[in-house]
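A short write-up of the structure that comes next.
In this note's numbering, the protein residues as written are 7 to 761.
Here it is, written out as structure tokens:
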């Protein structure tokens, strides 16, 4: 007898049941799987041996644990199946029940694999008691023989989804199962992929079926060998009896039976059927019995010599001959062996397969903090020295024009607020720095603080070098899969512009991504803004010396590279002149006559003087008429351009007041040169129902409704929007959102204009 080296297995039981263990220097931890899925994958691999692990995951999407639960995503299983090592995230299966009016409870029906229920309950209670998990009023174990039921009662004001995410984050209700697909192959430990497991199993089963068939063939031939001898005896019974009677002892009888040549015409057909090389007929048509056959004849009972006994021998011989033929066919055909393996696997599946217990759900990545954060509109503040914070928008109250504002708080004497905008806590932010780098983060990753809080240094949030400022932060509320449909336009302080696809910034590593290179540019060149745009938009650049140029977006081709500063957008007037604002506004075609007539009527409607103190001499004023229908069309397409100076003067003007020209020129007047308002700080589109927030060099800020700012022509001066103190000047202006009657935020917060 031989000792087996492998246990019998008609199905891949190592994958089905899982395995775990530790040896000297090595360990294995194979998760359990669903029997039906494992067999389906094995059958598929038999049918198509070229299937890879990813294709096999169509049949085995992931582990199936006996305790059920929810498996988050397929990436962990994919790594384990393709590399032999990975980690899957397993979560308790829960649901929210309303236990009484306005009171809810989280019910746990299934817990993660290898998690002790009592330990899990104890941990939940401990965290609720310490305040790390908020909103839990009580916990009760209602499990019985039927199944698990743990009821976590919530407080009245608790949000079930937030509490549930806290429980997943801090308790064993969510756990990682490390998959180490290590197994002995030929006595040697190997890290195996899913395909390796199934391929080795199929090869093992192929060997087993072949050896089993060879064994059955050998046994059938051994039996047929005896039956051929018995067939010779019953066909020549008189001669056999005479030979035995004439012998002195069994040994002599056996020898005589073996040496005599027996007629073979009655057994020739059987010998051909059993196809055994040990059975040969002599050239003279006779047959010699072997020792085994002779012994069988001597052991033959007399009752086998009856007609019925003879028929039994011949019937058994025919049956064995058919089996031998089938065994030989199996051993000669790999397809037959594979068909047998497939048939046996199918029988096991039909008899024992059960539905999957562990549910697999799509999941984008680690839950982390985002799922623990309530959605809320925030005012994001960035200072010149790189401090950042987010403050609930509700803390800022609207004020009328000319107010002194509320303290921005917490700033050093030499620090100023340079960027203000509003975004939701869950909105992804693209951060572009003045040195041309791009970073990506969510709003909630910024530190939360009140109005008087200083915030946190950006260098502790993003790897921004010392001395580098923020050029633009774009909240992008679109799915990243749609980013290829969007475009982004950049502008530098020296008047260059460039256009790229937004999808160029889908994948941004934590250490940032180059958005624009300034090699070969003038010293001091910096990125001043970045905006989302499309083919139907215009780009407007405004300089600190009061010049503005507007040109169509298609004038700037889409760059595939991020290594240049693009093309010239505006020609600057001198060394002190630089671009301070870039905006994207809707394109509209109108003749000079139509624009002149429209603007005249528009100023009259706004109550502005007809001349309005304009100093515009760049564009001839051509008188013309406009129909009411055309006026309404132009009014619907109009955007209001807000312009603010460093001394707090501001005005609204019509987008139709800014002629569309080709890029690269000096532009037109955007603010009266004779007005003592100082340099321009910002100029961008707003709506009458919007609000803006101004910040000064001393940390003061004011939230002001746009409808309180006067409408003027682009060449005119402005009115006082913010009362700046001596030595104080406006450093940034931010567009907020539409306001309702309570000065709150209405609807989602769009991408802000921030200067």
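A virtual CB, placed ideally from N, CA and C, is assigned to each residue, including glycine.
Residue i burial status per 10 Å Cβ neighbour count (16 or more: buried)
i           : result
residue 21  : buried
residue 719 : buried
residue 105 : exposed
residue 581 : exposed
residue 472 : exposed
residue 420 : Any reading at residue 420 must be qualified, since the residue scores a pLDDT of 49, below 50, and its modelled position is unreliable; no value is offered.
residue 399 : buried
residue 169 : buried
residue 119 : buried
residue 358 : exposed
residue 27  : exposed
residue 190 : exposed
residue 182 : exposed
Coil, strand or helix - residue i by DSSP
i           : result
residue 369 : coil
residue 395 : strand
residue 726 : strand
residue 531 : coil
residue 466 : helix
residue 598 : helix
residue 362 : coil
residue 592 : strand
residue 455 : coil
residue 75  : coil
residue 411 : Any reading at residue 411 must be qualified, since the residue scores a pLDDT of 49, below 50, and its modelled position is unreliable; no value is offered.
residue 661 : helix
residue 482 : coil
residue 697 : strand
residue 445 : strand
residue 287 : coil
residue 126 : helix
residue 504 : strand
residue 20  : helix
residue 755 : Residue confidence is low: residue 755 scores 37 on pLDDT, short of 50, so the model does not pin down where it sits. Its coordinate-derived value is still stated next. Here residue 755 sits in coil by DSSP.
residue 689 : strand
residue 711 : strand
Integer-rounded CB distance, given that residue j should sit under 8 Å from residue i
i           : j           : result
residue 547 : residue 536 : 13 Å between Cβ atoms; not a contact.
residue 587 : residue 691 : Rounded, the Cβ-Cβ distance is 11 Å, inconsistent with contact.
residue 565 : residue 609 : The Cβ separation is near 40 Å, so there is no contact.
residue 518 : residue 596 : Going by Cβ atoms, the distance from residue 518 to residue 596 rounds to 42 Å, so no, they are not a contact pair.
residue 263 : residue 295 : 5 Å
residue 478 : residue 438 : 5 Å
residue 724 : residue 656 : 5 Å
Strand pairing of residue i, partner residues [DSSP]
i           : result
residue 62  : According to DSSP, residue 62 bridges with nothing at all.
residue 450 : None; residue 450 has no bridge partner.
residue 702 : 736
residue 182 : 95
residue 269 : 292
residue 578 : BP columns for residue 578 are empty, so no partner.
residue 571 : None, per the DSSP bridge assignment.
residue 109 : 106
residue 196 : 189
residue 675 : 553
residue 307 : Its beta-bridge partners do not exist; DSSP assigns none.
residue 439 : 476
Distance CB(residue i)-CB(residue j) smaller than 9 Å
i           : j           : result
residue 715 : residue 688 : no
residue 562 : residue 709 : no
residue 489 : residue 508 : yes
residue 385 : residue 699 : yes
residue 280 : residue 327 : yes
residue 133 : residue 174 : no
residue 440 : residue 475 : yes
residue 140 : residue 164 : yes
residue 393 : residue 464 : yes
residue 52  : residue 208 : yes
residue 306 : residue 237 : no
residue 648 : residue 736 : no
residue 188 : residue 34  : yes
residue 137 : residue 99  : no
residue 573 : residue 503 : yes
residue 430 : residue 363 : no
residue 43  : residue 199 : no
residue 40  : residue 360 : yes
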